[in-house]
Amino acid sequence: MEPILLVHGGAGNITDARCPGKLTGMKQALRVGIKHLIPNNDLSEGSALDAVEAAVGVMESDGNFNAGYGACLNFEGKAEVEASIMEGSELKAGCVTLLHDIMHPISVARCVMQNTKHTFLGGEAAQKFALEHGFEQLPENSLITEDARLALEEFKERQASGLDTTFARTELDVKQDSGEQEPG
Amino acid sequence: TVGAVAIDCNGNIAAATSTGGITGKVSGRIGDTPLLGCGTYADNLQGGVSTTGHGETIMRFNLAQKIMSKIRYEGKTAQIATEEACKEMTERLTGTGGAITIDAHGRLGIYWTSHRMGWAYVKNGEIFYGIDHGKQFKEQL
């Protein structure tokens, strides 16, 4: 079978200004990830799992994407990140949520899959697990970009002025509405 | 949100998704991304999916699993399954999103109901990519 690697870089109201960075970043993710799909090279025997982790890892390091470095901010101005990974031969999977100041949550998710009998870790326990397994705790707010700060400022201004803030409400019981923002 | 789906030469499929959520979210909010069957799914017998978009909508609709079910039980191709499930989600729940899919035969599905979705794939030494509906670009790997 011909190996294939397919990626996405998020959906929503992506502005024209953000398109070039996303397209460049996705192509870079493919170029790094595809090396893991080619059999008999120096990196691997051709692993779909390695390929998706590597491709996502590239985009997590790229501030053009809403993941890892460049993640959207919560109302308190913090980046809380989450990820999941799954392989289709034995249906093994790993998931993490509410991590902070860790660059590659996708690799933490894979670590959960491969090193625990559990599937999903969250919050402080997930953070502790990551650090215990060698992931670097970056200085506080290291994942925050200027674009993310500006987006939160704009969100708060819109909220204060009563304008539509699309789905990103701070009330947990908000009704569904029809807008969208970039990117969920 | 970012995501990836791959199939290797042995037919093994994997999927991965990572996100920072949405701007202004409540501290402690969890979206679809870490939820299997919502943001991510992979099964060599059916295919692999990674989704993106409005998390509350996608998790309530179980978008990834809906796509898999259309492939498994309705015999749909990855493209048809992805397109139908995304449209049904938005028709039912209003919220928008998209997904990328590779089925067990190596066929691709790419669709979104949002304004835009960035996507790209590499196959046979060529990169295909796009971000707007109806526009696709190609270049050498």
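Going line by line, the protein sequences match chains D and S. Add 8 to a position in the first sequence, counting from 1, and you land on the number used in our numbering. Add 909 to a position in the second sequence, counting from 1, and you land on the number used in our numbering. We put the beta carbon where it would ideally sit given N, CA and C, even for glycine.
Distances from the alpha-carbon of D/Val40 to those of D/Ala19, D/Val15, D/Val66, D/Ala56 put D/Val66 closest. Here the alpha carbons of S/Val914 and S/Gly1043 stand approximately 22 Å from one another. Under the Cβ distance rule, D/Arg39 counts among the residues neighbouring chain S, one pair being separated by less than 8 Å.
Taken in chain order, the complete beta strand (DSSP E) segments of 3 or more residues contained in the stretch 956-1034 of chain S are 956-962, 1006-1012, 1017-1021, 1025-1032.
Taking S/Met977 as reference, the option from S/His963, S/Phe1037, S/Val911, S/Glu992 with the minimal CA-CA separation is S/Glu992.
The distance from the Cβ of D/Leu107 to that of D/Gln145 is about 10 Å, inconsistent with a contact at the 8 Å cut-off. A Cβ-Cβ distance of about 7 Å is found for the pair D/Met94 and S/Ala923, placing them in contact under the 8 Å criterion.
For S/Gly1007, the closest C-alpha among the options S/Met998, S/Tyr1020, S/Glu1000, S/Gly1015 is that of S/Tyr1020. In the DSSP assignment, D/Ile114 is bridged to no other residue. In the DSSP assignment, S/Gly929 falls outside any alpha helix (DSSP H) and carries neither an H nor an E. Assigned with DSSP and collapsed to three states, D/Asn123 falls in helix. Neighbourhood of D/Ala133 in chain S, by CB distance below 9 Å: empty, with the nearest CB roughly 14 Å away. Judged by beta-carbon spacing, D/Glu68 lies beyond the 8 Å limit of D/Ala59, meaning their Cβ atoms are not closer than that value. For D/Thr124, not one C-beta of chain S is nearer than 8 Å to its own C-beta. Setting aside the 5 residues that flank it on each side, S/Lys985 is surrounded in the same chain by Lys979, each with a C-beta closer than 6 Å to its C-beta; the list follows chain order.
Assignment of D/Gln145 by DSSP, reduced to helix, strand and coil, places it in the coil class.
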